[in-house]
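Visitor: Quick one: the structure is below, questions incoming.
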Amino acid sequence: MRKWILLLLITVLAVQLLPAGANAAAAAGELTAKIDQNDRTVVIAGRLPEAGGEVLVTVTDPDGRMDYFNQKKTDEAGGFRFSYVSRSETKGTYRVRAIGSSAGGGAPLEAEYTYSGAAPTSGGDSGANAAPGAGDVQMASATDGSVVLTPAWSRDGANGFVFAAIGSEALNRAMALAKPDAAGIRRITIQANAAEAAQGYRIALPAAALQTNAKSALFTMATPIAAVAVASDMLDEAVASVAEFTIAEANRDGWSEAARANVGNRPAVDISVGLDGKRIDWSNLASPANVAIPYTPTQAETEATERLVARFVDESGRSTTVPNGRYENGNVLFRTTHLSTYAVAYDGRTFGDVPASHWAHRAVGALAAREIVKGRTDGAFDPSAPVSRAEFVALLMRTLERETESGSDSGEAPSFKDVSSGAYYSASLRAAVGEGIVEGDGTGRFRPNAQISRQELSAMVYRALVSTGRLAAPEGPAASGVVFKDASDIAAYAREGIGALVSAGVLQGSGQTFRPTASASRAEAAQVMYGIWSQLAD
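In structure tokens form, the structure reads like this:
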């Protein structure tokens, strides 16, 4: 865990609507902003070229910190007006931006006003100007040390969405109230209760809270459609004032027939994030988002919930399985490095040679549902067949979802004399070599077609779990704590790994023996991968 420095430098302020007569008309494409030097009341008015859409207004102070943000629907002519009382005492020029979210909204409108520092008048209402995310937010501590924020939600026009904004004042108070967990992470949940006929939820947060240099906080947006948890470093070094998350029911009109058949009538959601009113194609390998889609399995599905999966639906309407997705306690959970459209599906494929009575039936079915393993032919898995070294590397890296995380799409051939860049397993092998999971035979060769032995398999799995942080490497000489009758047959390079994996319950012997030099079968490899996949949920 990297050491973090919290960069929430934002001051959030109060909304106070002035009388309707105070709203001055503005020409299309024009933005005006004025401040009362005595009580610091700011009035912002403008008109977008496109009417009927939404407008997001942000105000930054002379130091570049966000002073205010809010969003609303424009009137029928594209007009809008905001008013708030600034609590900032910083003198200088404040910059105002108004961004339209409708198609063809054009470039942001910009304006400025100057605060000269005149003393505010005494007296007045001390509570009427509570800022969005301050007085409009209920805050409660949970027993696990996390904090739950319940903001005031409002209808977002007639488009079926509801909207809420969490300002930096409320977020700062929540961060101060939350207790760090064992990993030093503070957890904040923004709660949305069910809204009648809501097609989606939009939640605005200060972007600075998501642009830190470390995972110091985890923000969960919990809605009836889905819950999305993102870390405080999700935006990397993106520069923006407001991050707005949208969690909505997915539009299935453009889906392929195969995608429709896979999902059926199960839930499908569209998840996105925008910066300063513009949707972005977010992706971050180092800071994935965690998603939970509520789902109640059918009676038939409850017999094999390991076959419930999450599927990613791309822009062309085709769907692919998210390998790490799984069902737990009324939700389909998965981790993703990009926000998009996702759906719940059930994969009931079976193999005639792996019946329900087979010891690897559950493992093979779960992995096949996630396209981690495949049959040798339609309806046949061939469980007793040996596994080659190439096949196992591909299987291992697919299970860990590590192919794209180690530069595997570079097109370069792995550094072995007997492996070409065009080999089906080359991407997996390249990633495995990069992470120290795979080694050659000492002669510059990988021997991809050789059958993998049980001790070779164990050594690769051990290195993989250590590399991904799932298993701690011993600081000194390791003792397995497990004695096999054939322990003396285990090669020196594999002893430590086999001992650790047996102790962790990932591997088992065969009776009182391990058979280290025996070839691993497809069923045995699937069982080991199922154990790893199950651990990835922790």
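With mature numbering (1 follows the signal peptide of the UniProt record, and there is no 0) as the guide, the letters of the sequence shown map in order to residues -24 to -1, 1 to 514.
Backbone N, C-alpha and C fix where the C-beta goes; we use that ideal spot for every residue, glycine too.
Just how far apart, CA to CA, sit residue 310 and residue 239?
Guide: So the alpha carbons of these two residues sit roughly 16 angstroms apart.
Visitor: With a threshold of 8 angstroms, are at least 3 pairs of Cβ atoms found where one atom belongs to the stretch 393 to 404 and the other to the stretch 328 to 337?
Guide: In short, these stretches do not touch, since the Cβ pair count stays below three.
Visitor: Under the assumption that residue 7 contacts residue 87 (Cβ atoms under 8 angstroms), give the Cβ distance between them as a whole number of angstroms.
Guide: Residue 7 to residue 87, Cβ: 4 angstroms. Contact.
Visitor: Could you pull out every residue in the same chain whose Cβ sits closer than 8 angstroms to the Cβ of residue 430, ignoring the five residues on either side in sequence?
Guide: 490, 491, 492, 493, 494, 495, 496 and 500, listed in sequence order.
Visitor: State the start and end residues of the unbroken alpha helix (DSSP H) segment that holds residue 327.
Guide: That residue, residue 327, is in no alpha helix (DSSP H); it is neither H nor E in DSSP.
Visitor: So, helix, strand or coil for residue 404, using DSSP?
Guide: It is helical.
Visitor: Among 21, 93, 56 and 30, which has the Cα closest to the Cα of residue 38?
Guide: With distances taken between Cα atoms, residue 38 lies closest to 93.
Visitor: By the 10 Å Cβ neighbour count, where 16 or more other Cβ atoms means buried, how is residue 275 classified, buried or exposed?
Guide: With fewer than 16 Cβ atoms within 10 Å of its Cβ, residue 275 is classed as exposed.
Visitor: Tell me the rounded alpha-carbon separation between residue 67 and residue 14.
Guide: Each residue's Cα considered, the two are about 13 angstroms apart.
Visitor: Let me confirm a value: residue 22 is counted as buried when at least 16 other C-beta atoms fall within 10 Å, else exposed. Which label applies?
Guide: Buried, since its Cβ has 16 or more Cβ neighbours within 10 Å.
Visitor: Per DSSP, residue 118 forms a beta bridge with which residues?
Guide: Answer by DSSP bridge pairing: none, since residue 118 is not bridged.
Visitor: Would you kindly work out how many angstroms separate the C-alpha atoms of residue 478 and residue 484, rounded to a whole number?
Guide: About 6 angstroms.
Visitor: Which first and last residues belong to the beta strand (DSSP E) in which residue 137 is found?
Guide: It spans 137 to 141 - the beta strand (DSSP E) in which residue 137 sits, taken as one unbroken run.
Visitor: In this structure, does DSSP put residue 303 in helix, strand or coil?
Guide: DSSP places residue 303 in strand when its eight states are reduced to three.
Visitor: Applying the criterion that 16 or more other CB atoms from any shown protein chain within 10 Å of the CB defines a buried residue, is residue 285 buried or exposed?
Guide: Residue 285 comes out buried.
Visitor: Cα separation between residue 47 and residue 12?
Guide: Each residue's alpha carbon lies about 22 angstroms from the other.
Visitor: Hey, is the stretch 351 to 358 in contact with the stretch 417 to 433, meaning 3+ C-beta pairs nearer than 8 angstroms?
Guide: No, because fewer than three Cβ pairs between the stretch 351 to 358 and the stretch 417 to 433 fall closer than 8 angstroms, the two stretches do not touch.
Visitor: Quick one: grab the DSSP three-state call for residue 47.
Guide: If DSSP states are grouped into helix, strand and coil, residue 47 belongs with the strands.
Visitor: Check whether the stretch 163 to 170 and the stretch 139 to 155 are in contact - that is, three or more C-beta pairs closer than 8 angstroms.
Guide: In short, these stretches touch, since the Cβ pair count reaches three.
Visitor: Measure the C-alpha to C-alpha separation of residue 250 and residue 327 and round it to an integer number of angstroms.
Guide: Taking the straight line joining both Cα atoms gives about 44 angstroms.
Visitor: Just to confirm my understanding: we take residue 74, look at its own chain, exclude 5 residues before and 5 after, and list those with CB closer than 6 angstroms. What are they?
Guide: Excluding sequence neighbours, residue 74 sits near 7, 22, 31, 33 and 85.
Visitor: Hey, residue 473 and residue 434 are a contact pair by Cβ (cut 8 angstroms); roughly how many whole angstroms apart?
Guide: Yes, residue 473 and residue 434 are in contact; Cβ-Cβ is about 5 angstroms, under 8 angstroms.
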